[in-house]
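Numbering (this note's numbering), first residue to last: 44 to 210.
Ideal Cβ placement from N, Cα and C applies to all residues, glycine included.
Notes follow once the structure below has been shown.
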Ligand SMILES: Nc1nc2c(ncn2[C@@H]2O[C@H](COP(=O)(O)OP(=O)(O)OP(=O)(O)O)[C@@H](O)[C@H]2O)c(=O)[nH]1
Ligand SMILES: [Mg+2]
């Protein structure tokens with residue numbers, strides 16, 4: 044607890060959004076530099092994990108349920124998570140991106156800074172460059188590419204998060 048009268052630093056909340064199996068949990072763990080193996084399993088609630096980003100202080104990473112998940116509570120839970128998100132990483136794992144673009148809009152309207160990320164790029168032709176260009180064009184947001192399996196782009200994403208966080 045902080046002592047009375049001491050302003051408490053706002054804890055930055057970084058949410059990772061995307062469809063089922065888009066690599067959300069793996070990315071949360073990769074960003075937190077933990078073992079990928081720990082990311083297996085399904086989340087049934089938004090997961091809150093505390094971390095420090097060097098030079099930025101404490102942040103909270105929020106893992107979320109896939110926004111196309113058929114389980115009933117997920118839409119509401121994801122909405123609630125969206126409302127508390129400062130930086131929203133939205134994963135696009137393939138060329139189908141309508142739902143993702145709609146969520147980028149929703150998150151932006153909820154006040155979040157949106158970072159679109161093409162995920163699992165080790166499985167994509169061209170390492171996802173063409174898809175990233177399409178997402179960037181459609182969203183108007185700088186779009187990054189990551190693979191947690193091949194460890195591509197995770198450091199760049201962290202740098203982008205830090206850039207927004209300190210802005
Ligand atoms: N090829 C490849 N597979 C990945 C990558 N990231 C995650 N995966 C795999 O994709 C599957 C889903 O990964 P998760 O991180 O659990 O995805 P998720 O979005 O959290 O999934 P849900 O929580 O079920 O919605 C797992 O089998 C992962 O090993 C990646 O960068 N490349
Ligand atoms: Mg998950």
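The C-beta of residue 168 has fewer than 16 other C-beta atoms within 10 Å across all chains shown, which makes the residue exposed. For residue 146, the closest of 190, 75, 203, 111 by C-alpha to C-alpha distance is 111. Under the three-state reduction of DSSP output, residue 201 falls in the helix class. Spatial neighbours of residue 128 in its own chain (CB-CB distance under 6 Å, excluding positions within 5 residues in sequence) are listed in chain order as 56, 58, 155. Relative to the Cα of residue 108, the nearest Cα in the group 68, 198, 184, 187 belongs to 68.
Boundaries of the alpha helix (DSSP H) harbouring residue 70: 67–74, taken from the DSSP string. Counting C-beta atoms within 10 angstroms of its own C-beta, residue 122 has fewer than 16 neighbours from the protein chains shown and is therefore classed as exposed. Distances from the alpha-carbon of residue 135 to those of 66, 206, 106, 207 put 66 closest. Separation of residue 194 and residue 74 (C-alpha to C-alpha, rounded to the nearest whole angstrom) is 11 Å.
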